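Visitor: In order, the protein sequence lines correspond to chains A and B.
Going letter by letter, the first sequence gives residues 2 to 303 in our numbering.
Going letter by letter, the second sequence gives residues 7 to 242 in our numbering.
Structure below; questions to follow.
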Amino acid sequence: MIQILNTVLIGITAGSIYSLMAIAMVLVWRSTRVVNFAQAGMALLSTYFGYEVIQISGSYWIALPVAMIGGAVVASIIELVIMRLLLKHSSQGAIASITPIIATLGLLGLIKSVIGYFWGNQDRTIVSPLSNVGFTFGTNTLAISPMKLFIIIAILVLVLSLTFIFQRTNLGLALRASAYSPEISRLAGIKVDLVRTIGWALAGAAGGVAGMLQTANGTGTLSPDSLEFSLLLAFGFIAAVIGGLDSLIGAVLGALVLGLVLAFVLTYVGGSLVFITAFVLLLIILLIRPGGIISQKAGRRA
Amino acid sequence: MSLIIENLTVEHGAIRALNNVSFTVKKGQLAALIGANGAGKTTLLRTLSGLNKPTHGKAHWCETNLLHGKPEMLVRHGVSHVSEGKSVIPELTVEENLEIGALWRSNKKEMQESKKTILELFPRLGERLAQRADTLSGGERQMLALGRSLMSKPELLLLDEPSLGLAPLVIEQIFQSIKELTKSMGITILLVEQNAMGALKIADVGIVLNLGTVAISGEAQSLIADPAVRAAYLGY
């Protein structure tokens, strides 16, 4: 019984971190129709910013918002300098639709090299600011620690804030309108280019927080070739696709489903099957619900 | 104080869509731009609203140079374009579709007044504010597209085929609403239409485009009476 509860708790913690990465993928997809594989690199770079702040100030709590802002700045620069030019100049030809996606793969390598150049290839360590020892319940130790509890609450707050921004503010309306129909949005007076940059910035911020939380939750080590960040990208992407790639709520649900399934496989089947399970789950969802788990039928298009 | 187009030429690659087009629409007038498929009507509107880039020529609305601006900036100068088909965002609600037309306006009180006026003009939109736009009928969507455009308080309205795909009775209503916009709000309108007769009936002036050039222009009534126009464009 306690094992099932613990598996659920592990799944929710992992799933909530995946959900931030998934949200980052969805935000970029919605604003520019680009699947951003550089997201892992951007998150990693933001986490290195956080690492530097910890070296200087000694505080994870200062580093976390700095990594978030750093992620937003890096993403804005990438969108303004690279993606905007790329979308403008590669709008024709057979590979036009995949050029930006290939570019993000190149960018991933570039960011990792930049990190290697500035910080070197050896591991850096971020110490968890809160205890990672599980709460005890009677004689049992639960798989939830103060740090994990903080992660879940922080992500819940972020997801709710993003949902509020999207559904209740003018910026959110502009973000949604531009995603659905850039041309009509332009004609309505929305500065679509600016809105796209903001979409990337929000994604970069979410990625930065995901990187900081994942590092504090996991092994605590950072390196340019961090396996943890590659997994974060893979699982975030799979979660986003399970959720339909177009919906924030879908991304969160997809991430929680993925987190729970992987936790159960890890506990009851074995660690070697985790990666395979993620992709099998992706294939199953794509086969039975290609539009994602919360896809809805389109209304009439007269 | 008018819409002045001089020698406007637009090329799509090797194809010359518009060739030295010149005409003027006085402020407060409703001008019908008619012509066959491929005559360049839509290209003209898209160029005036900043969606297409011209090859050469001039186009001004009052003090505003229409050829040097992005659509989102021209809206701020009173130029609003309702593109072809039902120019609404299906995934957003009716209310949100209206609001996106006024996000850039800083005076929220004026914005509320615009909304009130629009809902008086199209009461059916008021009953459906919370519905998604893709639940609306074709005519309601066209009303919504017009409403969204009016939210930006336009002085010059560029309308691309508002009658497209609508039933005759609905077309009649839409045309009456468009006429009403000029008469009661003083909005200058350039109306592109396949339905040449319907458009000329409500218009003050008419411009006939043929293969990218202005074939005939003049008072709408005299165009309707012109045997050549009748034979070529009005079908009888």
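Ideal Cβ positions, reconstructed from N, Cα and C, are used throughout, including at glycine.
A quick note: this is a predicted structure, and the numbers were derived from the prediction, not measured.
#1: Does DSSP put residue 299 of chain A in a helix, a strand or coil?
#2: Would you mind giving the Cβ-Cβ distance between residue 36 of chain B and residue 197 of chain B, rounded to the nearest angstrom? I have them listed as a contact below 8 Å.
#3: Where does residue 28 of chain B sit, in a helix, a strand or coil, going by DSSP?
#4: Hey, could you find the ends of the alpha helix (DSSP H) residue 6 of chain B is sitting in?
#5: Any idea what DSSP makes of residue 199 of chain B, helix, strand or coil?
#6: The alpha helix (DSSP H) that contains residue 76 of chain B, what's its start and end?
#7: When you compare the CB of residue 160 of chain B with every CB in chain A, is at least one pair closer than 8 Å?
#8: Which residues in chain B have a C-beta closer than 7 Å to the C-beta of residue 174 of chain A? List them in chain order.
#9: Using a Cβ cut-off of 8 Å, which residues of the segment 74-98 of chain B contact any Cβ in chain A, in chain order?
#10: Please name the residue, chosen from A/242, A/234 and A/261, that lies closest to residue 1 of chain A on a Cα-to-Cα basis.
#11: Under 8 Å, do residue 22 of chain B and residue 218 of chain B count as touching if we go by C-beta distance?
#12: Using the beta-carbon of each residue, which ones in chain A are nearer than 8 Å to residue 282 of chain B?
#13: Using a beta-carbon distance below 8 Å, is residue 35 of chain A in contact with chain B?
#14: Got a sec? Which residues, its chain only, sit under 7 Å from residue 191 of chain A by beta carbon, not counting five neighbours each side?
#15: Using the C-alpha atoms, what's the distance from residue 187 of chain B back to residue 66 of chain B?
#16: Check residue 171 of chain A in the structure and name its three-state DSSP category.
#17: On the three-state DSSP scale, how would you describe residue 140 of chain B?
#18: In its own chain, which residues sit with a C-beta less than 8 Å from the C-beta of residue 300 of chain A, not counting the 5 before and 5 after it?
#19: Between the segment 96-125 of chain A and chain B, which residues of the former have a C-beta closer than 8 Å to a C-beta of the latter?
#20: Given that a residue counts as buried once 16 or more other Cβ atoms are within 10 Å of its Cβ, and exposed if not, what is residue 287 of chain A?
#21: Under 8 Å between the Cβ atoms of residue 244 of chain B and residue 100 of chain B?
#22: Our contact map puts residue 210 of chain A next to residue 32 of chain A with C-beta atoms below 8 Å; I'd like the distance itself, whole angstroms only.
#23: Can you give the Cα-Cα distance for residue 256 of chain A and residue 96 of chain A, rounded to whole angstroms?
#24: Name, going along the chain, the residues of the segment 257-282 of chain A whose beta-carbon falls closer than 8 Å to a beta-carbon of chain B.
#25: What residues of chain B sit near residue 193 of chain A, judged by a beta carbon separation below 8 Å?
#26: Starting from the N-terminal side, write out each stretch of the beta strand (DSSP E) that is 3 residues or longer and does not extend beyond the segment 113-179 of chain B.
#27: Going by C-alpha distance, which of B/235, B/157 and B/152 is nearest residue 112 of chain B?
#28: Am I right that residue 127 of chain A and residue 28 of chain A are in contact with their C-beta atoms under 8 Å? What's the rounded C-beta distance?
#29: Quick check on residue 286 of chain A: does DSSP put it in helix, strand or coil?
#30: Taking all protein chains shown into account, do 16 or more other C-beta atoms lie within 10 angstroms of the C-beta of residue 231 of chain A, making it buried, or fewer, making it exposed?
#31: So that I know if they touch, is there some Cβ in chain B lying closer than 8 Å to that of residue 299 of chain A?
#32: Would the beta-carbon of residue 259 of chain A fall within 8 Å of that of residue 238 of chain A?
#33: Of all the CB atoms in chain A, is at least one closer than 8 Å to the CB of residue 134 of chain B?
#34: Once DSSP output is grouped into helix, strand and coil, what is the label at residue 193 of chain B?
#35: Can you tell me whether residue 302 of chain A is buried or exposed? The criterion is at least 16 other CB atoms within 10 Å of its CB, across all chains shown.
Guide: Quick answer:
#1: Low local confidence applies: a pLDDT of 47 at residue 299 of chain A is under 50, so the model's placement there is unreliable, with the coordinate-based value given in what follows. Three-state DSSP puts residue 299 of chain A in coil, outside helix and strand.
#2: 6 Å
#3: strand
#4: Because residue 6 of chain B is not part of the residues shown, which for chain B are 7 to 242, the question remains open.
#5: strand
#6: Segment: none, residue 76 of chain B is in no alpha helix (DSSP H) and carries neither H nor E.
#7: no
#8: 102, 105, 106 and 109
#9: 76, 77, 78, 81, 82, 86, 87, 88, 89, 92, 93, 94, 95, 96, 97 and 98
#10: The question about residue 1 of chain A has no answer, for chain A in this structure spans 2 to 303.
#11: yes
#12: Summary: the structure shown does not reach residue 282 of chain B, with chain B confined to residues 7 through 242, and so no result is reported for it.
#13: no
#14: 175, 178 and 179
#15: 21 Å
#16: helix
#17: helix
#18: Low local confidence applies: a pLDDT of 42 at residue 300 of chain A is under 50, so the model's placement there is unreliable, with the coordinate-based value given in what follows. Excluding residues within five positions, none has a Cβ falling inside 8 Å.
#19: none
#20: exposed
#21: This structure gives no information on residue 244 of chain B, because the portion of chain B shown stretches from 7 to 242.
#22: No, residue 210 of chain A and residue 32 of chain A are not in contact; Cβ-Cβ is about 18 Å, not under 8 Å.
#23: 30 Å
#24: none
#25: 78
#26: 162-166
#27: B/157
#28: Incorrect: roughly 25 Å between the Cβ atoms, too far for contact.
#29: helix
#30: exposed
#31: Caution applies to residue 299 of chain A, whose pLDDT of 47 falls short of 50 and renders its modelled position unreliable; the value that the coordinates give is listed next. Taking Cβ atoms only, chain B reaches closer than 8 Å to residue 299 of chain A, which makes this a yes.
#32: no
#33: no
#34: coil
#35: Caution applies to residue 302 of chain A, whose pLDDT of 41 falls short of 50 and renders its modelled position unreliable; the model cannot decide the point.
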